[in-house]
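So the structure is just underneath, and the comments pick up after that.
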Amino acid sequence: MAPRRGTAPALPAEPRFRPARPAAVFATGGKPPAPARCKQTVEALAAALKTPVRTEFGIGAEAGLARAALAARMPVLVCWEYAGMPRLVRALGAHQVLGVPAIWPDRYDLVWVFTRRRGEWSFRELPQQLLPGDA
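Per numbering that gives the first Met the number 0, the very first residue in the sequence shown carries number 0; after that it's consecutive.
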């Protein structure tokens, strides 16, 4: 069907990202006094999924976290302190993927999605857009 006069043709919508149900959930932890914010962020979701939040890795232990995440049942959700994100991405071996920022941007409403298929990583950055005015 042709568009009516004075209207633009409809463009196909970009496919909406639908995250998979995580089989494992990790959050920044470590020995006390470990920061609690990341664990608090994912606790309700993990409880609803009946999945424990693994917090045995603290800031600076990103290599151990990467090994545990890669060994866990997929998909994996990781909630981590922003300062350690570049170390975690490097430890996963995903730091050279097109589009991956070298540092965490100056915002706290982002989800970084890494997908690994046949040994190759892809990357997507998703803004949460939870509040009016969020980018």
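For each residue, glycine too, the CB sits at the ideal point set by N, CA and C.
Practice item. Work out the CA separation of Val52 and Glu119 for me, nearest whole Å. Key: 27 Å
task: Within the same chain, show all residues whose beta-carbon is closer than 8 Å to that of Ala82, passing over the 5 residues directly before and after it, in chain order.
output: Ile58, Trp103
Problem - Paired residues, beta bridge with Pro126 - DSSP - result: Leu109
Host beta strand (DSSP E) of Ala76 (start-end): The sequence shown places Leu at residue 76, not Ala. Counting along the chain, the beta strand (DSSP E) containing Leu76 begins and ends at 75–78.
CA-to-CA distance, Arg106 to Ala39, given in whole angstroms: Checking the sequence, you will find Gln at residue 39 rather than Ala. Approximately 19 Å between the Cα atoms of the pair.
State whether the stretch 110–128 contacts the stretch 82–98, with contact taken as three or more CB pairs (one from each stretch) at a distance under 8 Å. yes
Practice prompt. Could you check what DSSP says for Glu119 in three-state terms: helix, strand or coil?
Written response: strand
Check for me: the alpha helix (DSSP H) holding Ala23 runs from which residue to which? Looking at the DSSP string, Ala23 is not in any alpha helix (DSSP H); the run it does join, the beta strand (DSSP E), is 23–26.
Practice task
Would you identify the three-state DSSP class for Val151, choosing helix, strand or coil?
Solution key: Because the chain in this structure spans residues 0 to 134, residue 151 falls outside the shown range and cannot be described.
Asp114 in three-state terms, based on DSSP = The sequence shown places Thr at residue 114, not Asp. Three-state DSSP puts Thr114 in a strand.
| task | Name the one or two DSSP bridge partners that Val52 has. | result | Val24
Contacting residues, own chain, Cβ-Cβ under 7 Å from Gly28 (five flanking each side not counted)
Lys38, Thr54, Glu55, Phe56, Gly57
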